[in-house]
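Notes follow the structure.
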DNA sequence: AATGAATGAGGGTTCATTCAT
DNA sequence: CATGAATGAACCCTCATTCAT
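Chains as they are written, first to last, in our numbering: chain A, 12 to 228; chain B, 12 to 228; chain C, 12 to 228; chain D, 12 to 228.
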């Protein structure tokens, strides 16, 4: 009860994919976005040229500009869509779940599942966090903050529920670190799938965080 | 007592900095390396131009090439020096310490201390891991592997000592994630110093990992 | 009569120039090629900068690269076109001519006529023979070899016809030397036109070569 | 007798090499000149960098400038020395020879012998004729003119002696073409030595030129 | 809806040369 | 006598972007 239950399962139910965009324009745009994501993932935002994107998407250089007004906006759209989606899914999954530990586990699973299912996009999101400037940067920062706040509140719930005392900020950021670092090492031929990883990272993180209430200080 | 002792202290003794390089050439080189590190940190490797480095180091563009044969080699030297130093210091600190938990805590402290004391260099090391190619990449990969192996062996010692069962690979990589992610959030005006961070991350990680032997599966 | 007839005439009929290339792109490309030829002629391949070519052709530096992927390929195209054309014309002129001496005279006239009508291109062809590397070099070498072989076979025909004994290789290469050296001295205000030159060089070369069967050794 | 005697022999007597330069400076300079000649031969004047010369001669970049005030002067010295030497040797060999045909054959032999014995230098002389500017160019042009005039006068003697009528200018320049072109094709493993080549080119050229008096026009 | 053609700015790198030592 | 250190100018080439069509 008071003790962590690291093996608590969170089912990795498949969410239905977002419906295909309505207009021809949006469909074509999404297509290009996908190719661009791969290129940014492979070469980095600065390292990728519009010519690379043109080649990858099979569209002329000038044609790209019909869909995106700039390379920076292209990155922005990728990051925004990725982030928005992950937040959106998280909210849906959290609905109706009351147990604080379970809720944190859902957070972790949601993150890792999306991460592994959309590795390129998530790497671009994680790795190119600083590439955007001014307006783009701040709009994205807002989403990021929301996501961060959700995690904070989940941990605060947990703390309240179990009378724990760990430092929330560091815990949250450590958790993000554990999870986001994945893009540097995950090898789908060697490493476990999202569900396993989520359980294992969840175990480490939750046990770590929850033992704090008892033995520390 | 078998139970983790998260508050175990590891003194953060200052190591004397490496002696200044002997030759004038090496000294000038190191100077440029320092400026370049800052620029790479701020703009990224791809985003930084040799002209930026020239400006930052107060040396003519052509002058830089007297010291470095290419931009890539410049990055290589930065990363190699940083990595070599951190490994070197770690080995010195581990010497004579027998307790497995203590040894892991030393690893964490050493990493974070160096990270915060050399934020730019460590960000360049972490963030630009993929920028190097071929020969440069493989030479650096060798050092990286050594560092990784040390961490693995520390955790294996801990596992053996306490009869634990957590998955080492994921534990190690989670730990690296927690620590390396710092560069994305650490704010010296807000966040604690290396010693505190090391204790807190150590607590989370060690408790997480060490509770595994008892309650899981 | 067995004796050389040095004054044998070869009419220098004008061939209609190749029709202008079909596409806008090709026309623009040819235009640039012409300017580049002049610049390479004046400054040499190494000595000419892309900026020089840009200036000469009235197109921006970057614009040039829309037509040519590299300076080397630019030179290649010039040389290939020049060589291909000269070979092509030669074959057309040789058709239907049976007399061996006449055929050699046609070879010389064809070479000199094209040389003087396209001095820049021919100088670039002669003088920058070593500037191309690898793939470019070998493709051009193939054309060169074909041209060389044609000349060899013409001289061999002559030898067979007149029972001569001169060393073909040296004769051919001497002839090429005589002709190609023109770019170092020909001054259109002082020197004769192609037809005269061809007759005179033809006289020297053919008499030299044909007297061999009788008086030597 | 009135007929050409193409096989007339010209002994290829070895001239003693010029005495070693007196001063240490001059000796070192000559050494560097030799290395530079090879580099210019291999890469061309424009294509060769001072760094290439430095590497080839084993002397520091700055050190070279103690001996030569500029790259251009370096080329000048090479060309001047080469040309001066060949003219000097020619004059010595012509001394005391009266027969016009023999004198022309000496000219050819002298040129080819020096050419093959000093291929690099002669290629640099032939190929980089236009690289020099202004003062350097004109000083070299003077030597060149002298050499050219000698050849003209030799042919005029021959014409007078045998009542020939060929056009001297074209004959001379054709002869130079035949000889100088050698650098583009001579392969010491395949092609004959200077004496043979001189006889064969002499045969072609002299027969060609001498038959002119009888059958032409 | 999409492209071919074009560009100014800037990329990394090398150049011939200098000068204090 | 010779060099290490340094530089401004220039190198070839690619960049993100535009615009008439």
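Note that CB positions come from ideal geometry on N, CA and C, so glycine has one too.
Since residue i is in the alpha helix (DSSP H), which residue starts that stretch and which ends it?
i, result
"residue 219 of chain A", "205 to 221"
"residue 153 of chain C", "145 to 173"
"residue 95 of chain D", "82 to 105"
"residue 42 of chain A", "35 to 54"
"residue 180 of chain B", "179 to 191"
"residue 128 of chain C", "111 to 128"
"residue 68 of chain C", "61 to 68"
"residue 74 of chain B", "72 to 78"
Against chain B, with Cβ distances strictly below 9 Å, would residue i count as a contact?
i, result
"residue 15 of chain A", "Reliability fails at residue 15 of chain A, whose pLDDT of 42 lies under 50, so the model's placement of it is uncertain and no value is given."
"residue 220 of chain A", "yes"
"residue 57 of chain A", "yes"
"residue 214 of chain A", "yes"
"residue 180 of chain A", "yes"
"residue 203 of chain A", "yes"
"residue 211 of chain A", "yes"
"residue 217 of chain A", "yes"
Return no unless some Cβ of chain D is closer than 9 Å to the Cβ of residue i.
i, result
"residue 83 of chain C", "no"
"residue 94 of chain C", "no"
"residue 148 of chain C", "no"
"residue 193 of chain C", "yes"
"residue 154 of chain C", "no"
"residue 21 of chain C", "Below a pLDDT of 50, predicted positions are generally treated as unreliable, and residue 21 of chain C, at 43, falls in that range; the measurement from the model is reported next regardless. False, the Cβ-Cβ gap to chain D never drops below 9 Å."
Counting only beta-carbon atoms, is residue i nearer than 9 Å to chain C?
i, result
"residue 61 of chain D", "no"
"residue 145 of chain D", "no"
"residue 70 of chain D", "no"
"residue 74 of chain D", "no"
Take residue i and list the residues in its own chain whose beta-carbon comes closer than 8 Å to its own, dropping the five residues that flank it on each side.
i, result
"residue 163 of chain A", "179, 180, 183"
"residue 194 of chain D", "126, 130, 133, 134, 137, 138"
"residue 44 of chain A", "85, 88, 89, 92"
"residue 71 of chain B", "65"
"residue 215 of chain C", "189"
Checking contacts by CB at 9 Å: is residue i closer than that to chain A?
i, result
"residue 206 of chain B", "no"
"residue 188 of chain B", "yes"
To which residues of the same chain is residue i closer than 6 Å at the C-beta, ignoring the five residues directly before and after it?
i, result
"residue 79 of chain D", "85"
"residue 122 of chain A", "190"
"residue 165 of chain A", "114, 115, 118"
Take residue i and list the residues in its own chain whose beta-carbon comes closer than 7 Å to its own, dropping the five residues that flank it on each side.
i, result
"residue 61 of chain D", "72, 75, 82"
"residue 98 of chain B", "154, 157, 158"
"residue 56 of chain A", "86, 139, 142"
- Inspect the CB distances between the stretch 60 to 67 of chain D and the stretch 40 to 51 of chain D and report whether three or more fall short of 8 Å. The stretch 60 to 67 of chain D vs the stretch 40 to 51 of chain D: in contact.
- Message: Taking contact to mean 3 or more Cβ pairs, one atom from each stretch, closer than 8 Å, check whether the stretch 80 to 97 of chain C and the stretch 109 to 116 of chain C are in contact.
- Response: The answer is no - the stretch 109 to 116 of chain C does not touch the stretch 80 to 97 of chain C, with fewer than three Cβ pairs under 8 Å.
- Query: Between the stretch 99 to 107 of chain A and the stretch 115 to 134 of chain A, do at least 3 Cβ pairs fall closer than 8 Å?
  - Reply: At 8 Å Cβ cutoff, the stretches touch.
- Message: Does the stretch 182 to 202 of chain B come into contact with the stretch 125 to 134 of chain B, if we say contact requires no fewer than three beta-carbon pairs (one atom in each stretch) closer than 8 Å?
- Response: Yes, since at least three Cβ pairs between the stretch 182 to 202 of chain B and the stretch 125 to 134 of chain B fall closer than 8 Å, the two stretches touch.
- Query: When Cβ atoms are compared, which residues of the stretch 128 to 143 of chain A fall closer than 8 Å to chain B?
  - Reply: Residues of the stretch 128 to 143 of chain A whose Cβ lies closer than 8 Å to any Cβ of chain B, in chain order: 138, 140, 141, 142.
- Item | Residues of the stretch 159 to 186 of chain C with Cβ closer than 9 Å to any Cβ of chain D, in chain order | Within the stretch 159 to 186 of chain C, the residues whose Cβ lies closer than 9 Å to some Cβ of chain D are 177, 178, 180, 181, 182, 184, 185, 186, listed in chain order.
- Task: Flag this pair as touching only if the stretch 145 to 159 of chain D and the stretch 150 to 163 of chain C have three or more C-beta atom pairs under 8 Å; answer yes or no.
- Result: With the cut-off at 8 Å, the stretch 145 to 159 of chain D and the stretch 150 to 163 of chain C do not touch.
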